[in-house]
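For the numbering used here, count along the sequence shown from 1 and bump the result up by 1215. All C-beta atoms, glycine included, are put in the ideal place defined by N, C-alpha and C. Structure first, commentary second.
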Amino acid sequence: MDDLIVKSISRMIIPFIQLYGIFVIFHGHLSPGGGFPGGAILGASIILYTLAFGAHKGHLKMPHHLSKRLESGAILWYIFLGLVGIWTGHLFLTNRAAGFFMGEPGEILSGGFIPLITVAIGLKVGSTIITLFHTMIEEEHDA
């Protein structure tokens, strides 16, 4: 797309969209939000970049090999956190009983490992959305 207004506005608002996505991920255990909506917001920011600046620049910003590694790493991180509960003699994804620091209620570090899980979910969702979008663009150009 060669629209100067779309490119200029996108360049200005994408950092704020990404910052909001990170905020939603990290505050998911305290307020509505979490990994899924935060990851969707982050993925949408890269899709906006791709739509405004073209598929080639979008692939440069988030290459396919990086999004695949983020997807795999995020799910492995989630499974690892779940297995910590089993290793301590409890159930999968056990939080307090497994000995995680719980902190003060209402603080950012008050959910034990739940913020770590929401980060994994956010990375998984965001990278999956980006991968699917870029795959659809590639298939459209190939057809």
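Q. Going by the beta-carbon positions, is the gap between Phe1348 and Ile1262 smaller than 8 Å?
A. It is a contact, given that the beta carbons lie within the stated cut-off.
Q | Nearest-angstrom beta carbon gap, Gly1318 and Thr1303 [assumed within contact, 8 Å] | A | The C-beta distance from Thr1303 to Gly1318 rounds to 19 Å, too long to meet the 8 Å contact threshold.
Q) Going straight from the alpha carbon of Lys1222 to that of Phe1268, what length do you get? A) Approximately 7 Å between the Cα atoms of the pair.
Q) What is the rounded straight-line gap between the Cα of Phe1328 and the Cα of His1242? A) Looking at the two C-alpha atoms, the distance is approximately 13 Å.
Q. The alpha helix (DSSP H) with Phe1231 in it runs from where to where?
A. First-last of the alpha helix (DSSP H) with Phe1231: 1219 to 1241.
Q.
Here's a check: name, in chain order, each residue in its chain whose Cβ is nearer than 7 Å to the Cβ of Lys1276, leaving out the five neighbours to either side.
A. Cβ within range, chain order: Ile1261, Tyr1264.
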